[in-house]
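Student: Chains as they are written, first to last, in the UniProt record's numbering: chain P, 1 to 214; chain C, 1 to 214.
Cβ atoms here follow ideal geometry from the backbone N, Cα and C, with glycine treated the same way.
Quick one: this structure, given as structure tokens, is what I'll be asking you about.
Protein chains: 2
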Amino acid sequence: MGIKERKERHKEDLKAKILEAAKKLFVKEGYEATSIRKIAAEIEFSPTTIYLYYKDKTDIAYALHQEGFSLLRERLSALIYVEQPFERLKAMGRAYIQFALDHPDFYELMFIMKEPMEYLQAHHPEEDWPEGERVFDGLIQTVEACQKAGYFVDMNTAEVAMLSWSVVHGLCSLHITSHFKHIAEKCSSYALPEHEALLESIFQTYIRLLDGLK
Amino acid sequence: MGIKERKERHKEDLKAKILEAAKKLFVKEGYEATSIRKIAAEIEFSPTTIYLYYKDKTDIAYALHQEGFSLLRERLSALIYVEQPFERLKAMGRAYIQFALDHPDFYELMFIMKEPMEYLQAHHPEEDWPEGERVFDGLIQTVEACQKAGYFVDMNTAEVAMLSWSVVHGLCSLHITSHFKHIAEKCSSYALPEHEALLESIFQTYIRLLDGLK
DNA sequence: TGCATATATTAACAGTGTTAATTAATTTTG
DNA sequence: CAAAATTAATTAACACTGTTAATATATGCA
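As structure tokens, this is what we get:
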């Protein structure tokens, strides 16, 4: 039954091509502007064909969401070579910020928009969010290692991990939504770095707070 | 010319009624689901009448955005009675979190969505964001007072303020976008508090880090 | 070759924000 | 007071959106 297999392969191909087209449009024009009809035009199929491969638009959003997480995981897992756990934690924070700066659209989809997470809750209430968990697991393990090295003593590991995440996410999302931009302009008397360097600098301030601990 | 004034007043009234209707729908069903046509039906006018009072939909979003900021400012300015600056800073953080929990829709509009800030940038590039700045000014002043009391020494005031903001915003936004929910479920071994108590608990963890400084 | 199945398409529905043209009401002016 | 001008509100329309049902087309199997 080689024919059947070829059809299967074609089907997989088309599904991938849809996602590829969606990603292209989405990176260029954002999620809202990426319509089913535009995706269809991109791959030269009729709009309804998309629905043979993806349940609805949020299904596509979720697929991209997953892609984003494997991109992020790649970057973070590259840091296992940093042996000192606290140094690794800091490096993870910087890598996370850099990811957000390099892929603001993906970041928005992964962490700012509600749609993909709500889709997850509605359609996969069981297994929930394997990609995200793997990333978070890495963070948990690093925090645990930090605790063994004398940092964050007597603190809940998961809570420290969530706090670390909150700090960098707060920085990245306030940057992406251009909240920082507006505020920074009015803080000329404080000699703040500009744009992306500001994020790095605030993160450094956070690190200095943590350094004061041990 | 009392008639002219009455008409002016009527015009102001209708503008306010539109905003009121928009707020009602927006709080109940969210921003996307709040269409111009629904707002119009709510006040029993035709959809195009809205455009005589607001430039476009983002103009309405921005008006609500501003309302949200005066709500937040009310809460934060109620904390000036807390004399110890570091205590006040902590209280501001808790009040900010409570605001996000009490008004998640407003919070989303104010800090998560891009539309109102982009509208601001596009239509009022000069004066930029008076409501937001006043809130941030209060934070800056509190941080400054903390520094005079020996906290955050040798650190950039504005950066410490932005960091403080990032921490609570990170917490609130990851909560609202239900990212924490999915992660927390998989962290049963860490005995985490549930839902909103989790935010308070993580914030407490942050406070413990800061407490270790002075 | 004929039938069944999977695949893709067209047509359509119910919405969306927004603008132009038109009508109704009100105020100002001759 | 009546006519003209201004203002306010409406209807109709455009160009979209996501999505579904009904229809056509091509393919694999007996």
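#1: If I'm right that methionine 117 (chain C) touches histidine 182 (chain P) with Cβ under 8 Å, what's the distance once you round it to whole angstroms?
#2: Give the residues from the UniProt domain "HTH tetR-type" (12 to 72) of chain P that approach chain C closer than 7 Å (Cβ to any Cβ), ordered along the chain.
#3: Identify which residue in C:Lys90, C:Ser46, C:Tyr96 and C:Arg88 has its Cα closest to the Cα of serine 70 (chain C).
#4: How big is the Cα-Cα spacing for glutamate 44 (chain P) and tyrosine 119 (chain P)?
#5: Can you grab the Cα-Cα spacing for the pair aspartate 105 (chain P) / proline 130 (chain P), in whole Å?
#6: At 7 Å on the CB atoms, spell out the chain P contacts of serine 201 (chain C), in chain order.
#7: If I follow the unbroken alpha helix (DSSP H) through tyrosine 96 (chain C), where does it start and stop?
#8: How about glycine 212 (chain C): is its C-beta nearer than 8 Å to some C-beta of chain P?
#9: According to the Cβ coordinates, are leucine 192 (chain C) and glutamate 159 (chain P) closer than 8 Å?
#10: Beta carbon of threonine 58 (chain P), beta carbon of isoleucine 112 (chain C): below 8 Å?
#11: Assuming alanine 22 (chain P) and leucine 64 (chain P) make a contact with CB atoms under 8 Å, what is their CB distance in whole Å?
#12: Taking only runs that begin and end inside the UniProt domain "HTH tetR-type" (12 to 72) of chain C, name each unbroken beta strand (DSSP E) of 3 or more residues, in chain order.
#13: Does the region 141 to 157 of chain P come close enough to the region 76 to 85 of chain C to have 3 or more Cβ pairs within less than 8 Å?
#14: Using a Cβ-Cβ cut-off of 7 Å (strictly less than) and excluding sequence neighbours within five positions of glycine 138 (chain C), which residues of its own chain qualify?
#15: In the DSSP assignment, find the alpha helix (DSSP H) that holds alanine 145 (chain P) and state where it starts and stops.
#16: Buried or exposed, going by whether 16 or more other CB atoms sit within 10 Å of the CB of histidine 169 (chain C)?
#17: According to DSSP, is methionine 113 (chain P) part of a helix, a strand, or is it coil?
#18: Tell me the DSSP secondary structure of phenylalanine 152 (chain P) in three-state form.
#19: Does leucine 213 (chain P) come out as helix, strand or coil in the three-state DSSP assignment?
#20: Kindly say whether tyrosine 206 (chain P), judged by its beta-carbon, lies nearer than 8 Å to any beta-carbon of chain C.
#21: Let me know the secondary structure DSSP gives isoleucine 80 (chain P) once reduced to three states.
#22: Could you compute how far the alpha carbon of cysteine 172 (chain P) sits from the alpha carbon of leucine 101 (chain P)?
#23: What residues from the region 126 to 157 of chain C come within 9 Å of chain P, judged by C-beta to C-beta, listed N to C?
#24: Within 8 Å of any Cβ in chain C, is that where the Cβ of lysine 90 (chain P) sits?
#25: Under 9 Å, CB to CB, which of the residues in the region 176 to 190 of chain P have a partner in chain C?
#26: Under the three-state reduction of DSSP, which class applies to glutamate 185 (chain C): helix, strand or coil?
#27: Please list, in chain order, the residues of the region 91 to 106 of chain P that have any C-beta partner in chain C closer than 8 Å.
#28: Consult DSSP for histidine 123 (chain C) and reduce its assignment to one of helix, strand or coil.
#29: Can you tell which of C:Lys90, C:Gly132, C:Tyr62 and C:Glu29 has the C-alpha that lies nearest to the C-alpha of glutamate 74 (chain C)?
Tutor: Based on what the coordinates show:
#1: Yes, they are in contact, since the Cβ atoms of methionine 117 (chain C) and histidine 182 (chain P) sit about 7 Å apart, within 8 Å.
#2: Those would be none; no residue qualifies.
#3: It is C:Tyr96 whose Cα lies nearest to the Cα of serine 70 (chain C).
#4: If I take the Cα positions, the gap works out to 27 Å.
#5: Each residue's Cα considered, the two are about 21 Å apart.
#6: By Cβ distance, chain P contributes Glu159.
#7: For tyrosine 96 (chain C), the enclosing alpha helix (DSSP H) covers residues 85 to 102.
#8: Output row for glycine 212 (chain C): interface = yes.
#9: Taking the C-beta atoms as reference points, glutamate 159 (chain P) is found nearer than 8 Å to leucine 192 (chain C).
#10: Using a Cβ distance threshold of 8 Å, threonine 58 (chain P) and isoleucine 112 (chain C) do not count as a contacting pair.
#11: The Cβ separation is near 7 Å, so the contact holds.
#12: Qualifying beta strand (DSSP E) stretches: none in this window.
#13: The answer is no - the region 76 to 85 of chain C does not touch the region 141 to 157 of chain P, with fewer than three Cβ pairs under 8 Å.
#14: Cβ within range, chain order: Leu76 and Ser77.
#15: For alanine 145 (chain P), the uninterrupted alpha helix (DSSP H) run begins and ends at 130 to 148, by DSSP.
#16: Classification for histidine 169 (chain C): buried.
#17: Coil, per DSSP.
#18: DSSP places phenylalanine 152 (chain P) in coil when its eight states are reduced to three.
#19: Here DSSP, grouped into helix, strand and coil, assigns leucine 213 (chain P) to coil.
#20: At least one CB atom of chain C sits nearer than 8 Å to the CB of tyrosine 206 (chain P).
#21: Secondary structure of isoleucine 80 (chain P) (DSSP, three-state): coil.
#22: If I take the Cα positions, the gap works out to 8 Å.
#23: Answer set for the region 126 to 157 of chain C: Asp128, Trp129, Gly132, Glu133, Phe136, Asp137, Ile140, Phe152, Asp154, Met155, Asn156 and Thr157.
#24: False, the Cβ-Cβ gap to chain C never drops below 8 Å.
#25: With the criterion set as a beta carbon lying under 9 Å from some beta carbon of chain C, the members of the region 176 to 190 of chain P are Ile176, Thr177, Ser178, His179, Phe180, Lys181, His182, Ile183, Ala184, Glu185, Lys186, Cys187, Ser189 and Tyr190, in sequence order.
#26: Helix.
#27: From the region 91 to 106 of chain P, no residue has a Cβ closer than 8 Å to chain C.
#28: It is helical.
#29: Scanning C:Lys90, C:Gly132, C:Tyr62 and C:Glu29 for the CA closest to the CA of glutamate 74 (chain C) turns up C:Gly132.
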